[in-house]
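In our numbering, the protein residues as written are 305 to 504.
All C-beta atoms, glycine included, are put in the ideal place defined by N, C-alpha and C.
The block underneath contains the structure these notes are about, expressed in structure tokens.
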């Protein structure tokens with residue numbers, strides 16, 4: 305997380321103090337390249353875990369619905385948040401559709417405005433941090449599925465160790481599956497919310 309914060313701070317300082325045409329003319333292309341590389345490595349990360357797909361075949365139907373229920377809950381949460389913040393309904397829902405994947409949602413929504421991209425970044429990073437700190441309590445007091453849902457897309461990577469430590473061993477497979485499905489949907493969902501609410 306320190307590396308991420310430093311990257312944003314350094315990038316912000318460079319953008320503020322060194323606004324040269326050489327950099328500004330290439331920012332959009334560099335963002336697209338970075339996003340493509342991000343998705344490429346996510347694909348590699350998913351593909352290398354071949355054994356997980358065999359375990360998914362024996363899952364209960366309720367488990368299969370978990371990522372979809374998580375996404376619906378997140379979007380509803382975003383809608384509620386619009387009444388508590390200066391954000392419009394569309395902006396709030398679009399940010400929540402990042403599902404904790406702060407790098408993708410920030411890049412995608414920064415195409416609309418730097419402010420919205422920055423808010424998406426902070427919101428989704430906060431979701432990941434909140435998940436890390438609250439999952440042990442949620443898993444014990446509420447339930448394993450709720451602890452997985454809290455993580456959103458990060459259930460398959462950065463938050464997975466916390467889920468694994470706080471739940472029975474088989475929940476890790478469920479968490480990976482949920483995060484995997486959400487990660488596949490987010491690159492479609494965020495632009496869809498932007499189009500639905502005519503934010504672009």
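If you follow the alpha helix (DSSP H) that residue i is part of, which residue opens it and which one closes it?
i: residue 368; result: 365-385
i: residue 491; result: 474-500
i: residue 407; result: 406-413
i: residue 441; result: 418-445
Give a yes or no on whether the C-beta atoms belonging to residue i and residue j are separated by under 8 Å.
i: residue 494; j: residue 412; result: yes
i: residue 498; j: residue 402; result: no
i: residue 467; j: residue 450; result: no
i: residue 448; j: residue 424; result: no
i: residue 396; j: residue 407; result: no
i: residue 504; j: residue 399; result: no
i: residue 455; j: residue 377; result: no
i: residue 501; j: residue 393; result: yes
Taking buried to mean at least 16 other C-beta atoms within 10 Å of its own C-beta, is residue i buried or exposed?
i: residue 435; result: buried
i: residue 305; result: Bear in mind that a pLDDT of 49 at residue 305, under 50, signals an unreliable position, so the model cannot answer this.
i: residue 329; result: exposed
i: residue 476; result: buried
Using 8 Å for Cβ pairs, my map puts residue i next to residue j. What's the rounded Cβ distance?
i: residue 389; j: residue 482; result: That pair is no contact at about 27 Å.
i: residue 438; j: residue 404; result: Not really, about 13 Å apart at Cβ, beyond 8 Å.
i: residue 478; j: residue 369; result: So it is not a contact: roughly 11 Å between Cβ atoms.
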